[in-house]
Amino acid sequence: MMRMRLILILCPLLAAAQPAILVEGARLITGDGDAPVENSAFLIENNKFSRVGKKGQITAPAGAMRVDLTGKTVMPSLVDAHTHVGGDVLRTGRMGADTYTKENLIDHLRREVASAPTPAPTSAGTITRR
């Protein structure tokens, strides 16, 4: 099976320590250019995809949580990598060298965190809620 790491919109499930989570039924878009996997199954262990396949092909380990996402689509998080964090004052739209301050940078970062729709991987590779 292909091995991949995807960021999921399963934040509440991933936030708590779980031995394993088996997700079944969803259309899975891997983000690698391959066709979506219809009626997929994937196993999440230690906050990482450990196995991916079709529903019925993956056996959940004892004690695993099962999630039915039939009719839903799971895909990698979309990230807007073009940003001018801290460079402009969001409330006024003014931009300049004098607006690039510690306070303005912190304001931008707080707004980004507050509006984030998906979990973010930390440098250690675990999944945490922003």
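By this note's numbering, the letter at position 15 of the sequence shown is numbered 104, and the numbering carries on one by one without gaps.
Every residue, glycine too, gets a C-beta built ideally from N, C-alpha and C.
No experiment lies behind these values; they were computed from the predicted model shown.
Taking the C-alpha atoms as reference points, what is the distance between SER139 and GLU201? Residue mapping note: residue 139 aligns to position 50 of the sequence shown, counting from 1. Residue mapping note: residue 201 aligns to position 112 of the sequence shown, counting from 1. Taking C-alpha positions only, SER139 is separated from GLU201 by approximately 30 Å.
Local conformation of GLU127 per DSSP, three classes: In the sequence shown, counting from the first residue as 1, residue 127 sits at position 38. For GLU127, the secondary structure class from DSSP, reduced to helix, strand or coil, is coil.
PRO165 beta carbon less than 7 Å from that of GLY120: Sequence index remark: in the sequence shown, residue 120 carries index 31 (1-based). Sequence index remark: in the sequence shown, residue 165 carries index 76 (1-based). Yes; because the gap between Cβ atoms is below 7 Å, this pair is in contact.
Starting from LEU167, follow its DSSP beta bridges and name the residues at the other end. Stepping through the sequence shown from its first residue, residue 167 is reached at position 78. Answer is none; LEU167 lacks a bridge partner.
Just the C-alpha distance for ALA221 and ILE133, rounded to the nearest angstrom, thanks. The requested residue 221 is not part of the displayed model; the chain covers only 90 to 219.
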